[in-house]
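Student: Residue 1 is where the sequence shown starts when you use this note's numbering, and the numbers rise one by one after that.
This is the structure I have questions about; it appears just below.
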Amino acid sequence: MSDTQGDTRRETAGLLEIQGLKTQFRTRRGVVPAVDDVSVSVGRGEVVGIVGESGCGKSVTSLSLLGLVTHPGKVVGGSALFDGVDLLTLDNKGIRAIRGRDISMIFQEPMTSLNPVYTVGQQVSECLRSHASGVSRKAARASVEEMFEMVGIPEPRARLDAWPHQLSGGLRQRVMIAMALICKPKLLIADEPTTALDVTIEAQILALMKDLRRDTGTAIMLISHNLGVIAETCDRVYVMYAGRVMEEAEVFELFDSPTHPYTRGLLASMPRIGGERGPRKPLYSIRGNVPDMQQLPKGCRFAPRCDFAMARCVESEPPLLDASHATGNPGGKPHLSRCWLAEASGAGGQQ
Ligand SMILES: Nc1ncnc2c1ncn2[C@@H]1O[C@H](COP(=O)(O)OP(=O)(O)O)[C@@H](O)[C@H]1O
Ligand SMILES: [Mg+2]
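See the structure below:
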């Protein structure tokens, strides 16, 4: 990072500390508060999941960090300290220097992120050379081959000269992961990285991400609508709904003792092959639909769909409350729930 950023550098415990992030889309119909006061932290080498139904603001959260929200969207509040530097205050040049080098991203559809007119080897190599000056073509090619091997691409040397269309979806996603990791980022943001892949390949890619964290210490922010994917991979989880964080907990705690009715609904609607409910019984689904982001309810945003909603829930929105007492895990990492039921258990509030 350049010297000019020295002034904005502050002490942080974690690698990434997003505080009160607000991103809005100003459309002709009005303002869409797509991300509304979201706080997420990622420790060094930690794998953090962000989960929630489609449209709840997961992608906009990650795009906001990297200066990739496009018109009519705008980050209107909050901070995002990465290694002590607030990403949200950087100009284009500053954020571009961090993107792809300290923070890399992979997306759902690897085909659209690869350029069809270059071989995959050229693309990954170019990515390395653009961020690390003075690397010769030959040295870059050798590094790419090594990285292809590391991400489990068979016959890595031959595959360097393959065109994107010659590779399967799973292999293309491995190429994208290789490209994301070639500069040894401190943080990898993976937005629905396996959603376009079949379940066997999905399992392989998730295993690969866990191995990478173990071998390279790269922290990962994994975004998915699928709780199964999150359960498989993450240390800690944030559950998002309608632009808000509804629950935050360590992964085992979230699955063992979910406190927010929205989280419980997501868990109940998760397919469990051979699980207690058996594969044939129809899956539970949360009634109703995600709210219109321009006409949000006054109280809890989930109240209209919640089986436990009380008069109070319709009237006022709960803050993130400490739920660790409700789950018998006080003193562990924070377990927060944006639900009045968490307060009923006698715990104090946060935020
Ligand atoms: N270009 C846009 N114009 C208006 N609203 C948008 C635009 N892009 C996203 N949004 C709003 O932001 C919300 C969150 O989107 P997104 O972060 O992509 O959801 P997720 O990744 O959780 O599926 C959407 O529900 C939508 O209301
Ligand atoms: Mg998304």
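Note that beta-carbon positions come from the ideal geometry of N, C-alpha and C, so glycine has one too.
Is valine 32 close to ligand 1? I mean its beta-carbon at under 7 Å from any heavy atom of the ligand.
Tutor: The count along the sequence shown starts at 1 and reaches residue 32 at position 32. Yes, ligand 1 has a heavy atom inside 7 Å of this Cβ.
Student: Assuming isoleucine 64 contacts threonine 23 (C-beta within less than 8 Å), just tell me the rounded distance between them.
Tutor: Working through the sequence shown from its first residue, we reach residue 64 at position 64. Working through the sequence shown from its first residue, we reach residue 23 at position 23. Per the sequence presented here, residue 64 reads as serine, with isoleucine not at that position. So it is a contact: roughly 5 Å between Cβ atoms.
Student: At which residue ranges does the stretch 71 to 117 contain complete alpha helix (DSSP H) runs of 4 or more residues, listed in the order of the chain?
Tutor: Listed in chain order, the complete alpha helix (DSSP H) runs (minimum 4 residues) inside the stretch 71 to 117 are 92 to 98, 110 to 113.
Student: Count the CB pairs spanning the stretch 71 to 81 and the stretch 21 to 41 that are closer than 8 Å, and state whether there are at least three.
Tutor: These segments touch.
Student: Since methionine 246 is in the beta strand (DSSP E), which residue starts that stretch and which ends it?
Tutor: Taking the first residue of the sequence shown as position 1, residue 246 is located at position 246. Start and end: 244 to 250.
Student: Determine the closest residue to alanine 309 out of Gly94, His225, His260, with distance taken between C-alpha atoms.
Tutor: Start at 1 with the first residue of the sequence shown, and residue 309 comes out as number 309. Here the closest residue by C-alpha is His260.
Student: Find the nearest neighbour of arginine 28 within the set Tyr262, Val237, Tyr284, Pro72, judged by alpha-carbon distance.
Tutor: Here residue 28 is taken as the residue at index 28 of the sequence shown, counted from 1. Taking only the C-alpha atoms, the option nearest arginine 28 is Pro72.
Student: If you count every other CB in all the chains shown that lies within 10 Å of the CB of threonine 70, and 16 or more means buried, which is it?
Tutor: Indexing the sequence shown from 1 puts residue 70 at position 70. Burial call: exposed.
Student: Give the straight-line distance between the Cα atoms of glycine 348 and methionine 246, rounded to the nearest whole angstrom.
Tutor: As a first step, residue 348 must be located in the sequence shown, where it is residue number 348. As a first step, residue 246 must be located in the sequence shown, where it is residue number 246. Caution applies to glycine 348, whose pLDDT of 47 falls short of 50 and renders its modelled position unreliable; the value that the coordinates give is listed next. The alpha-carbon atoms of glycine 348 and methionine 246 are separated by roughly 16 Å.
Student: Tell me the residue span of the alpha helix (DSSP H) that contains alanine 219.
Tutor: One-based indexing of the sequence shown puts residue 219 at position 219. Taken as a continuous stretch (DSSP letters only), alanine 219 belongs to no alpha helix (DSSP H), being part of the beta strand (DSSP E) at 219 to 224.
Student: Is the stretch 42 to 55 in contact with the stretch 225 to 240, if contact means three or more CB pairs nearer than 8 Å?
Tutor: At 8 Å Cβ cutoff, the stretches touch.
Student: With hydrogens ignored, establish whether the beta-carbon of methionine 293 is closer than 7 Å to any heavy atom of ligand 1.
Tutor: What you label residue 293 is simply residue 293 of the sequence shown in a count that begins at 1. For ligand 1, at least one heavy atom lies less than 7 Å from the Cβ of methionine 293.
Student: Along the chain, which unbroken stretches of the alpha helix (DSSP H) at least 4 residues long are found entirely within the stretch 117 to 196?
Tutor: Listed in chain order, the complete alpha helix (DSSP H) runs (minimum 4 residues) inside the stretch 117 to 196 are 120 to 131, 137 to 150, 156 to 159, 169 to 181.
Student: Looking at C-alpha atoms only, which residue of Lys58, Ser337, Gly169, Val32 is the closest neighbour of lysine 74?
Tutor: Here residue 74 corresponds to residue number 74 of the sequence shown, with the count starting at 1. The shortest Cα separation from lysine 74 among Lys58, Ser337, Gly169, Val32 belongs to Val32.
Student: Quick one: what's glutamate 17 bridged to in DSSP?
Tutor: The sequence position of residue 17 within the sequence shown is 17, counting from 1. In the DSSP output, where bridge partners are listed per residue, glutamate 17 has Ser41, Leu81.
Student: Pair every Cβ in the stretch 185 to 202 with every Cβ in the stretch 157 to 171, then say whether three or more of these pairs are closer than 8 Å.
Tutor: Yes: at least three Cβ pairs fall under 8 Å.
Student: Run through DSSP, which three-state label would arginine 301 get?
Tutor: Position 301 of the sequence shown, counting from 1, holds the residue named residue 301. Coil, per DSSP.
Student: Identify whether threonine 12 lies in helix, strand or coil by the three-state DSSP scheme.
Tutor: Taking the sequence shown and counting its residues from 1, the one referred to as residue 12 is at position 12. Legend: pLDDT at threonine 12 = 40, less than 50; position of this residue unreliable, value from coordinates given subsequently. Coil.
Student: With hydrogens ignored, establish whether the beta-carbon of serine 59 is closer than 7 Å to any heavy atom of ligand 2.
Tutor: Taking the first residue of the sequence shown as 1, we reach residue 59 at position 59. The answer is yes for serine 59.
Student: Got a sec? Which residues, its chain only, sit under 7 Å from valine 290 by beta carbon, not counting five neighbours each side?
Tutor: Within the sequence shown, residue 290 is the residue found at index 290, counting from 1. Excluding positions up to five away in sequence, the list reads Glu53, Gly55, Cys56, Ala242.
Student: Cα separation between aspartate 83 and glutamate 317?
Tutor: Along the sequence shown, one-based indexing puts residue 83 at 83. Along the sequence shown, one-based indexing puts residue 317 at 317. Cα-Cα distance, rounded: 33 Å.
Student: On the three-state DSSP scale, how would you describe glycine 228?
Tutor: The residue labelled residue 228 in the question sits at position 228 within the sequence shown. Of the three classes helix, strand and coil, the one that applies to glycine 228 here is helix, per DSSP.
Student: May I have the straight-line CA-CA distance separating leucine 254 from lysine 138, to the nearest angstrom?
Tutor: Taking the first residue of the sequence shown as position 1, residue 254 is located at position 254. Taking the first residue of the sequence shown as position 1, residue 138 is located at position 138. The straight-line gap from Cα to Cα measures roughly 48 Å.
Student: Tell me the DSSP bridge mates of glutamate 36?
Tutor: The sequence position of residue 36 within the sequence shown is 36, counting from 1. Per the sequence shown, the amino acid found at residue 36 is aspartate instead of glutamate. Paired residues: Lys22.
Student: Hey, isoleucine 177 and leucine 128: beta-carbon distance below 8 Å or not?
Tutor: In the sequence shown, counting from the first residue as 1, residue 177 sits at position 177. In the sequence shown, counting from the first residue as 1, residue 128 sits at position 128. Contact flag unset, no.
Student: Glycine 265 by DSSP, collapsed to three states: which one?
Tutor: Working through the sequence shown from its first residue, we reach residue 265 at position 265. In the structure shown, glycine 265 sits in a helix (DSSP, three-state: H, G or I).
Student: Any chance the stretch 98 to 117 sits against the stretch 137 to 151, with 3 or more Cβ pairs inside 8 Å?
Tutor: Touching, no, given that fewer than three Cβ pairs across the two stretches are closer than 8 Å.
Student: What's the call for lysine 298, buried or exposed, on a 16-neighbour Cβ count within 10 Å?
Tutor: On the sequence shown, position 298 is the one that residue 298 refers to. With fewer than 16 Cβ atoms within 10 Å of its Cβ, lysine 298 is classed as exposed.
Student: Check for me: the beta strand (DSSP E) holding methionine 363 runs from which residue to which?
Tutor: The requested residue 363 is not part of the displayed model; the chain covers only 1 to 351.
Student: Using C-beta distances below 7 Å, list every residue in its chain close to arginine 157, excluding the 5 sequence neighbours before and after it, in chain order.
Tutor: Locating residue 157 in the sequence shown gives position 157, counting from the first residue. Result list for arginine 157: Glu145, in chain order.
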